[in-house]
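Here's the structure we're looking at; comments come further down.
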Amino acid sequence: VFLFLGYSEADEALLKPLTKMEVQDAVVSLHNLLRLHVKPKTPCMLSMFKLSTENVILVAKLSDNNSTLTRHNEEMEPGLLEKQKEECEGPLEVISEMINTQDPIVHSHLLLSIFKMAEVEVVKPAPSSTIELAPSLLVILIAILWSLAS
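Numbering of the sequence shown is given in UniProt numbering, commencing with residue 1 and proceeding in unit increments.
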């Protein structure tokens with residue numbers, strides 16, 4: 001389960017002298033938002049997947065060590081993917097909605113306020129024979145987010 005985020009580099013640059021933080025640090029703030037305001041007992045953990053100009057991709061994993069999202073070259077059990085979708089998609093949709101509607105909790109937070117748009121995607125792992133196609137999908141999704149943010 002991925003959370004695609006569009007952010008403002010201009011806002012990040014303005015806030016950096018005050019917060020001493022960059023967009024990468026927002027992962028912790030988003031995870032805190034998830035735990036404090038969205039779903040306090042969620043087993044979902046957020047981590048950075050990819051960062052590019054004005055776009056961030058986070059991946060949600062289940063916090064149980066036996067249930068983490070696997071690397072690109074490893075297969076994931078179908079049941080595990082479904083459990084991650086069940087546990088993480090809903091809370092990430094709430095965060096996405098909070099960002100997209102400029103919810104006061106997000107909009108008033110110094111670091112989270114740099115996020116301008118968000119989208120949740122559940123991407124099923126490709127079979128091993130087509131695994132090399134996965135990066136092109138991410139490039140397409142980043143391009144879509146970038147064009148929407150512009």
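We treat Cβ as the ideally placed atom computed from N, Cα and C, and that holds for glycine.
Unbroken alpha helix (DSSP H) run spanning residue i, endpoints
i, result
"N28", "First, the amino acid is wrong: residue 28 is Val here, not Asn. 26 to 33 is the span of the alpha helix (DSSP H), which, as asked, contains V28."
"L5", "Where L5 is concerned, there is no enclosing alpha helix (DSSP H), although the beta strand (DSSP E) it sits in stretches over 2 to 7."
"V23", "V23 -> no alpha helix (DSSP H), and no H or E assigned at all."
"V106", "104 to 107"
Residue burial classification, residue i (beta-carbon count within 10 angstroms, cutoff 16)
i, result
"Q84", "buried"
"I114", "buried"
"L5", "buried"
"E86", "exposed"
"I99", "buried"
"L18", "exposed"
"A13", "exposed"
"K16", "exposed"
"E54", "buried"
"K20", "exposed"
"A10", "exposed"
Boundaries of the beta strand (DSSP E) in which residue i is found, first to last residue
i, result
"E121", "115 to 121"
The ligand SAM heavy atom lying under 7 angstroms from the CB of residue i
i, result
"P91", "No copy of the ligand SAM appears in this structure; indeed no ligand is present at all."
Bridge partner(s) assigned by DSSP for residue i
i, result
"S52", "N55"
"L46", "A60"
CB contact flag (residue i, residue j, <8 angstroms)
i, j, result
"H109", "S29", "yes"
"F2", "V123", "yes"
"L111", "A26", "yes"
"V56", "V106", "no"
"E89", "V38", "no"
"I142", "S8", "no"
"L62", "P40", "no"
Within the chosen definition, does the segment 23 to 41 reach the segment 85 to 101 through at least 3 CB pairs nearer than 8 angstroms? yes
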